[in-house]
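These protein sequence lines are chains E and U, in that order. In terms of this note's numbering, the first sequence opens at residue 411 and continues consecutively. In terms of this note's numbering, the second sequence opens at residue 19 and continues consecutively. Please read the structure below before turning to the comments.
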Amino acid sequence: MVVGTPHISLAGSGALLLDGAKGAFDDATQELVWAVANAALSLEGVREAVPGMNNLLVVFDPLATDAHSVGGQLMSLWAATDAHAVVGTHHTIPVSYGGASGEDLAGWAAHCGLSVDEIVRRHVAATYTVAAIGAMPGFPYLSGLDPRLAWARRSTPRLKVIEGAVIIGGAQAGIMPMTAPSGWHIIGHTDVKLFNAEAELPVLLRPGDKIRFAIAGIEA
Amino acid sequence: MIEILTTGLPNTVQDLGRPGHLALGVTHGGAMDRQALAIANLMLGNDPSAAGIEVALHPFRLRTHVDTAVAITGADCAVSVGDRPCPPWWAMTIRAGETLVLEAPRVGARSYVAFAGGLDLPPVMGSRATDVKGSFGGLTGRGLSRGDRLALNPAQCRLPAGGFGAALEERRGAAASVIELRVLPAAEFDAFTPEAQAAFTGSEWSITNDANRMGYRLSGETLSLLSPLELLSHGIVPGTVQVPPSGQPIIQLADANTCGGYPKIVTVIEADFWRLAQAPVGARLRFSAVSIEASTEALRANRQRRRDFIAARNLMVGEQRAP
Numbered sequence: 411m412v413v414g415t416p417h418i419s420l421a422g423s424g425a426l427l428l429d430g431a432k433g434a435f436d437d438a439t440q441e442l443v444w445a446v447a448n449a450a451l452s453l454e455g456v457r458e459a460v461p462g463m464n465n466l467l468v469v470f471d472p473l474a475t476d477a478h479s480v481g482g483q484l485m486s487l488w489a490a491t492d493a494h495a496v497v498g499t500h501h502t503i504p505v506s507y508g509g510a511s512g513e514d515l516a517g518w519a520a521h522c523g524l525s526v527d528e529i530v531r532r533h534v535a536a537t538y539t540v541a542a543i544g545a546m547p548g549f550p551y552l553s554g555l556d557p558r559l560a561w562a563r564r565s566t567p568r569l570k571v572i573e574g575a576v577i578i579g580g581a582q583a584g585i586m587p588m589t590a591p592s593g594w595h596i597i598g599h600t601d602v603k604l605f606n607a608e609a610e611l612p613v614l615l616r617p618g619d620k621i622r623f624a625i626a627g628i629e630a
Numbered sequence: 019m020i021e022i023l024t025t026g027l028p029n030t031v032q033d034l035g036r037p038g039h040l041a042l043g044v045t046h047g048g049a050m051d052r053q054a055l056a057i058a059n060l061m062l063g064n065d066p067s068a069a070g071i072e073v074a075l076h077p078f079r080l081r082t083h084v085d086t087a088v089a090i091t092g093a094d095c096a097v098s099v100g101d102r103p104c105p106p107w108w109a110m111t112i113r114a115g116e117t118l119v120l121e122a123p124r125v126g127a128r129s130y131v132a133f134a135g136g137l138d139l140p141p142v143m144g145s146r147a148t149d150v151k152g153s154f155g156g157l158t159g160r161g162l163s164r165g166d167r168l169a170l171n172p173a174q175c176r177l178p179a180g181g182f183g184a185a186l187e188e189r190r191g192a193a194a195s196v197i198e199l200r201v202l203p204a205a206e207f208d209a210f211t212p213e214a215q216a217a218f219t220g221s222e223w224s225i226t227n228d229a230n231r232m233g234y235r236l237s238g239e240t241l242s243l244l245s246p247l248e249l250l251s252h253g254i255v256p257g258t259v260q261v262p263p264s265g266q267p268i269i270q271l272a273d274a275n276t277c278g279g280y281p282k283i284v285t286v287i288e289a290d291f292w293r294l295a296q297a298p299v300g301a302r303l304r305f306s307a308v309s310i311e312a313s314t315e316a317l318r319a320n321r322q323r324r325r326d327f328i329a330a331r332n333l334m335v336g337e338q339r340a341p
């Protein structure tokens, strides 16, 4: 077992945060997070299980169970659950790189010391995994970015990053499901819709899904 | 049908929210002062989760185009129906063509208007609450504008002549000059300096202008970590108090993002959320630590009060029905 003992803390009287992180994000830990999240939903009194990045928030009814009992059961699940890889769906996301809706592309290439064509080639060469969905409806935290392409977040977030923006934040990649503030860098744009509250399945992407980006155009 | 006459965009359709979708990134949302909306609905014989209006920006005026009944709860503000003034936390009939007016609060920040039968809007992901960030729910996912018309569900609502009021023990009395909030320690509490831990509960905080349904930024002493922390993104709940690098805390509220990355010092207990909902910009806050048992007991007492309220209301309306 490569995964160690998680740290458990209270998030109010009706939720626990199970943190399995050991520094940098780790794929094996994340597979265990997904498996424990699924199993936790069967525990008595548990209402929601929310995978984060190498951590899991479990929301329960404190009048139906208690933090001590849920915490103990989560520790058992963490130790005993088989972290088999989730078989996710594969998606291809066409991206128009650069231009007015990818304004940070040139700065990103310069930051990484690569040409624009080379940085785009590397961005589409990788297979990304949806590690978690959160922050805003349908927003995917994507792991799998080429470490050479990492770029620390902006010190001042933009108040408006538009829906469809393809973005980079530190070692993570993402796609904006709606127009919202963000401190991540904007490298391109896609027309793929990630969230529709009216649809029977409101989100396109789920944890464990795999993503490849494809070049719809490059404008330096 | 009701028609909005005077409003601001912070005023939205709300119910008790859409739990169950945090893993899709969808926040619980719903009324900031859940107890006030639930009681307003119960006063009219509605389900507590029927959709009403959260008024965060006063004055607010609407006209009804049908004979119906309304209940106003939440902030203590001057209310009138037609030319009749009515006390806070009151349910009464309103006739077609009459105007309901809510003036600026004397105490508190948010008023709730419930309607007999509730607002007739399509549920989205199980709720009629407006999610402004996601632009869905409520009235096409946005705040209310002048001229908006909203349909009401059909309802049979029995009220005593002149209506009736509700008074909640914990909300009685003059407004405290400092709002007391009970907290439980959160994941990174021990990562803060002893001075920061002491200052958090030992000093006063004020709510800055940067305050909305997503959260309130506070100002006060600067809270420092023992050493810088880089956290991976993790799920957060309403009530979470985060401390960004500025050292000035942020309380996450009803429309909070479902995930965050800042260190968390404490979580405000659910039973005290209404105090935050009713705290205006500039209000002073003080935090005190409680045990998890006390937090759960406060929640249990809230649930019992709601049951007692339903019983009392049924008794009153039943008596009124008797010959």
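Beta carbons are placed, not taken as given, at the ideal position from N, Cα and C, and that holds for glycine. These figures come from a predicted structure and were not determined experimentally.
Sequence-distant residues of the same chain with beta carbon closer than 8 Å to Arg293 (chain U), five excluded per side: Within the second sequence, numbered from 1, the residue matching residue 293 (chain U) stands at position 275. Ile197, Glu198, Leu199.
Cβ-based burial, Glu441 (chain E) [other Cβ within 10 Å; buried from 16]: Position 31 of the first sequence, counting from 1, holds the residue named residue 441 (chain E). It counts as buried.
So is Gly265 (chain U) in contact with chain E if we call contact Cβ pairs under 9 Å? One-based indexing of the second sequence puts residue 265 (chain U) at position 247. It does not; no Cβ of chain E falls within 9 Å.
DSSP state of Ile254 (chain U), grouped into three classes? If you number the second sequence from 1, residue 254 (chain U) lands on position 236. Of the three classes helix, strand and coil, the one that applies to Ile254 (chain U) here is coil, per DSSP.
Phe377 (chain E) at chain U interface by Cβ criterion, 9 Å: Coverage of chain E is limited to positions 411 through 630, which leaves residue 377 (chain E) absent and any answer about it impossible.
Is there a Cβ of chain U sitting closer than 9 Å to that of His595 (chain E), yes or no? What you label residue 595 (chain E) is simply residue 185 of the first sequence in a count that begins at 1. Output row for His595 (chain E): interface = no.
Which partner residues of Pro461 (chain E) appear in the DSSP bridge assignment? Walking along the first sequence from the start, residue 461 (chain E) turns up at place 51. In DSSP, Pro461 (chain E) forms a bridge with E:Leu466.
Below 9 Å between beta carbons: does that hold for Leu34 (chain U) and Arg52 (chain U)? As a working mapping, residue 34 (chain U) is identified with position 16 in the second sequence. As a working mapping, residue 52 (chain U) is identified with position 34 in the second sequence. It is a contact, given that the beta carbons lie within the stated cut-off.
Applying a beta-carbon distance threshold of less than 8 Å, which residues of chain E neighbour Ile287 (chain U)? The sequence position of residue 287 (chain U) within the second sequence is 269, counting from 1. Near Ile287 (chain U) (Cβ distances below 8 Å), the residues of chain E are Gly422, Ser423.
Opposite Glu21 (chain U) in the DSSP bridges: which residues? As a first step, residue 21 (chain U) must be located in the second sequence, where it is residue number 3. For Glu21 (chain U), which the question treats as bridged, DSSP gives the partners U:Arg81, U:Arg167.
For Phe435 (chain E), name the three-state secondary structure that DSSP assigns. Reading the first sequence from its first residue, position 25 is the one you call residue 435 (chain E). Per DSSP, reduced to three states, the secondary structure at Phe435 (chain E) is coil, with no helix or strand assignment.
Between Val44 (chain U) and chain E, is any beta-carbon pair separated by less than 9 Å? As a working note, residue 44 (chain U) is residue 26 in the second sequence. Interface residue, yes.
Measuring CA to CA, which of E:Ala575, E:Ala630, E:Gly422, E:Ala421 is closest to Glu528 (chain E)? What you label residue 528 (chain E) is simply residue 118 of the first sequence in a count that begins at 1. Closest by alpha carbon: E:Ala630.
Measure the Cβ-Cβ separation of Gly233 (chain U) and Ala274 (chain U) and say whether it is below 9 Å. The count along the second sequence starts at 1 and reaches residue 233 (chain U) at position 215. The count along the second sequence starts at 1 and reaches residue 274 (chain U) at position 256. Yes, the Cβ-Cβ distance between Gly233 (chain U) and Ala274 (chain U) is below 9 Å.
According to DSSP, is Leu611 (chain E) helix, strand or coil? Taking the first residue of the first sequence as 1, we reach residue 611 (chain E) at position 201. Coil, per DSSP.
Backbone CA spacing between Trp678 (chain E) and Leu555 (chain E) [nearest angstrom]: Examination of residue 678 (chain E) is not possible in this model, given that chain E is present from 411 through 630 alone.
Can you pull out the residues from the segment 511-544 of chain E whose beta carbon lies closer than 8 Å to at least one beta carbon of chain U? Ala542, Ile543, Gly544
Buried/exposed call for Glu539 (chain E), threshold 16 Cβ in 10 Å: As a working note, residue 539 (chain E) is residue 129 in the first sequence. The residue you asked about is not Glu; residue 539 (chain E) is Thr in the sequence shown. Classification of Thr539 (chain E): buried, given that the 10 Å Cβ count is 16 or more.
Following the continuous alpha helix (DSSP H) through Met485 (chain E), name the residue where it begins and the one where it ends. Taking the first sequence and counting its residues from 1, the one referred to as residue 485 (chain E) is at position 75. Per DSSP, Met485 (chain E) belongs to the alpha helix (DSSP H) from 477-490.
Please name the residue, chosen from U:Gly336, U:Ala272, U:Ala330, U:Phe133, that lies closest to Ala295 (chain U) on a Cα-to-Cα basis. Position 277 of the second sequence holds residue 295 (chain U). Checked all of U:Gly336, U:Ala272, U:Ala330, U:Phe133; the closest Cα to Ala295 (chain U) is U:Ala272.
With 16 other Cβ atoms within 10 Å as the buried cut-off, status of Thr25 (chain U): Residue mapping note: residue 25 (chain U) aligns to position 7 of the second sequence, counting from 1. Classification of Thr25 (chain U): buried, given that the 10 Å Cβ count is 16 or more.
Indicate whether at least one CB of chain U lies closer than 9 Å to the CB of Gly509 (chain E). For the purposes of this step, residue 509 (chain E) is taken as the residue at position 99 of the first sequence. Chain U, which has no Cβ nearer than 9 Å to the Cβ of Gly509 (chain E), makes this no.
Beta-carbon gap between Pro203 (chain U) and Leu420 (chain E) smaller than 9 Å: Position 185 of the second sequence holds residue 203 (chain U). Position 10 of the first sequence holds residue 420 (chain E). In contact: Pro203 (chain U) and Leu420 (chain E) (Cβ atoms closer than 9 Å).
Could you work out which residue in U:Asp94, U:Thr86, U:Ala87 is closest to Val73 (chain U) when comparing CA atoms only? As a first step, residue 73 (chain U) must be located in the second sequence, where it is residue number 55. Minimum Cα distance to Val73 (chain U) is reached at U:Asp94.
Strand pairing of Ser553 (chain E), partner residues [DSSP]: Residue numbering aside, residue 553 (chain E) sits at position 143 when the first sequence is read from its first letter. For Ser553 (chain E), which the question treats as bridged, DSSP gives the partners E:Thr539.
Tell me whether Ala510 (chain E) is buried or exposed, calling it buried when 16 or more other Cβ atoms sit within 10 Å of its Cβ. Reading the first sequence from its first residue, position 100 is the one you call residue 510 (chain E). Counting Cβ neighbours within 10 Å, Ala510 (chain E) comes out exposed, since fewer than 16 surround it.
Per DSSP, cross-strand counterpart(s) of Gly627 (chain E): Residue mapping note: residue 627 (chain E) aligns to position 217 of the first sequence, counting from 1. Gly627 (chain E) is bridged to E:Ser506.
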